[in-house]
Amino acid sequence: MYGQLAEAESLYRRALRHLEATVGSSHTDTLTCVSNLAILLQTQGDYEEAQGLHRRALYGRERVLGTDHPNTLSCVNNLANLLYDEGRYDEAEPLHRRALYGRERVLGATHTDTLASVNNLANVLHSMGQYDEAQRLHRRALYGREVTLGPDHPDTLASVNNLANALYDQGRYGEAEPLHRRALESRERVLGDEHPETLGSVDNLANVLQSLGRYTEAEPLQRRALAGRDRVLGPDHPDTLASLGNLAVL
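Everything in the sequence shown is counted per the working numbering, starting at 20 for the first residue and increasing by one.
Here is the structure:
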């Protein structure tokens with residue numbers, strides 16, 4: 020997958036140069052390409068360039084489409100996700116609230132994009148220590164996705180994983196473990212053993228088991244997460260480095 024991401028990046032850059040030369044930098048197709056390249060770079064851990072592209076896509080869509088267009092709100096959401104990944108929670112929170120309130124107004128409370136914003140705002144609040152509101156939003160996202168998308172949809176499994184993480188960080192390890200097992204087993208079946216989200220669930224379950232003192236169960240999972248992330252994401256990706264640190268302190 021690491022090589023596939025690099026190939027995709029090259030293709031996006033080529034497409035972007037072509038669109039800029041033919042239809043202009045403000046055309047909606049160009050802005051879509053900018054947004055897609057930003058998401059890809061974010062996936063690869065290149066946050067600095069990704070942020071500039073996310074902002075370019077957002078400002079361009081605000082001018083061309085308006086502030087409440089669904090594509091503009093997607094850019095708000097994407098920039099907020101990047102700031103979250105960088106640990107800049109105070110900057111991410113108002114953007115996620117803007118995306119959520121805009122999507123509720125434009126798309127409705129049960130639209131999949133709205134539920135994504137519910138989930139994303141919950142993640143930010145959880146990281147800021149606002150556990151009560153975060154857990155309420157995580158449960159809203161999970162139940163909404165189970166009804167709208169089904170129990171095994173990747174987005175539903177992301178909500179399972181996120182609720183489990185929220186419980187884990189509150190020290191509620193016994194409640195977190197079965198949710199992390201559900202997320203891992205379903206992701207293995209739906210996404211495959213070496214999908215980045217599956218490897219994230221491997222790592223999360225290992226952390227829960229370690230916190231429960233079950234070290235002999237945790238260690239092989241930590242090694243699996245590290246080896247998989249090294250292959251799939253590359254040795255310098257933030258998630259790979261996080262797995263290396265987790266194994267070191269086991």
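All residues carry an ideal CB built from backbone N, CA and C; glycine is no exception.
query	result
Cβ-heavy atom distance, S262 to the ligand GDP, below 7 Å	As for the ligand GDP, it is missing from this structure, which has no ligand bound.
Contact check, N223 vs A183, beta carbons under 8 Å	yes
For E28 and T259, the rounded distance between their alpha carbons	20 Å
T41 versus D48: straight-line alpha-carbon distance, rounded	11 Å
Beta-carbon proximity list for N265, same chain, < 6 Å, skipping 5 on both sides	Q241
N-terminal and C-terminal residue of the alpha helix (DSSP H) that V83 is part of	66 to 84
Nearest neighbour of Q229, chosen from E196, N180, L203 [CA to CA]	E196
Presumed contact (8 Å Cβ cut-off) between A53 and L24, rounded CB distance	Correcting the residue identity first, residue 53 is Val in this sequence and not Ala. 17 Å between Cβ atoms; not a contact.
Cβ contact (3+ pairs, closer than 8 Å) linking the region 125 to 142 and the region 162 to 173	yes
Where A267 falls, given that 16 or more other Cβ within 10 Å makes a residue buried	exposed
Limits of the unbroken alpha helix (DSSP H) element including D151	150 to 167
Nearest candidate by alpha-carbon position, reference L77, set G232, L114, T62	L114
8 Å Cβ cutoff met for G85 and L50	no
Contact set for Y31: own chain, Cβ-Cβ below 7 Å, skip 5 residues either direction	C52, N55, L56, L59
Buried versus exposed call for G219 [16 or more other C-beta atoms within 10 Å across all chains shown]	buried
A246 - DSSP class collapsed to helix/strand/coil	helix
Boundaries (first-last residue) of the alpha helix (DSSP H) holding E110	108 to 125
Option in V83, L203, A111 with minimal Cα separation from N96	A111
CA-to-CA distance, E152 to Y192, given in whole angstroms	19 Å
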